[in-house]
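J.:
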Amino acid sequence: MSDHTHSSPPRRVFIDKQSPKAFQSLVQVAEAVRTTASEAGLDRTTVELINIRVSQLNGCAYCLDIHTRAALRAGESPQRLGTLSAWRDTALFTPPERAALALAESTTDPANATAQASAYEAARQVLSDDQISAAIWVAVTINAFNRVSIMSKHPVAPRPGA
101 MSDHTHSSPP RRVFIDKQSP KAFQSLVQVA EAVRTTASEA GLDRTTVELI
151 NIRVSQLNGC AYCLDIHTRA ALRAGESPQR LGTLSAWRDT ALFTPPERAA
201 LALAESTTDP ANATAQASAY EAARQVLSDD QISAAIWVAV TINAFNRVSI
251 MSKHPVAPRP GA
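Here the sequence shown is numbered in our numbering, starting from 101 and rising by one per residue.
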């Protein structure tokens, strides 16, 4: 029996690079979802809040890095980004954003039927059917990207001045 205590972890396969056609299809889905969200009236900051919140729940450092930068470029405030993981405990988010975040969380943990019912109830009060659908599609898509990055162990490179 060999001693594995000093061995390095197995090298991960970057599945986006290994299977580029499949990954490109996922990118095309994301582009369609971004268009759907825009047409439904979900602004870019709400989309990025969903992307970040789902990535927080999934623990995807790579996607957190990408979408935090995208949110800042879209005009999101550092304060709201810093409190996003505790969004329920602040008054910093609008009712539509809160509804979209609740839908995103219930999409990420679909087995929690109580949270799902509550999220839908809240969403029905402030979002259109198109916005509800778009918010869920944004969450579905970022969940897929999170899994690609987590399973590939995509590194987060330091950026000068970041």
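Glycine is no exception: its CB is placed at the ideal position from the N, C-alpha and C atoms.
On a predicted model such as this, the values are computed, not experimentally measured, just so you know.
Is residue 104 helix, strand or coil by DSSP?
T.: Note on residue 104: pLDDT 49, under 50, position unreliable in the model; the coordinate value appears next. In this structure, residue 104 counts as coil in the three-state DSSP scheme.
J.: Could you pull out every residue in the same chain whose Cβ sits closer than 6 Å to the Cβ of residue 157, ignoring the five residues on either side in sequence?
T.: 208.
J.: Where does residue 259 sit, in a helix, a strand or coil, going by DSSP?
T.: It is coil, neither helix nor strand.
J.: Residue 234 and residue 126 look like a contact to me (Cβ under 8 Å); what is the Cβ gap, rounded to whole Å?
T.: Wrong, their Cβ atoms sit about 17 Å apart, outside the cutoff.
J.: Would you identify the three-state DSSP class for residue 254, choosing helix, strand or coil?
T.: In this structure, residue 254 counts as coil in the three-state DSSP scheme.
J.: Give the straight-line distance between the Cα atoms of residue 266 and residue 123, rounded to the nearest whole angstrom.
T.: The structure shown does not extend to residue 266, since the chain spans only 101 to 262, so no value can be given for it.
J.: Could you please give the first and the last residue of the uninterrupted alpha helix (DSSP H) stretch that includes residue 178?
T.: Counting along the chain, the alpha helix (DSSP H) containing residue 178 begins and ends at 178-183.
J.: Using DSSP with H/G/I as helix, E/B as strand and the rest coil, what is residue 120?
T.: Three-state DSSP puts residue 120 in a helix.
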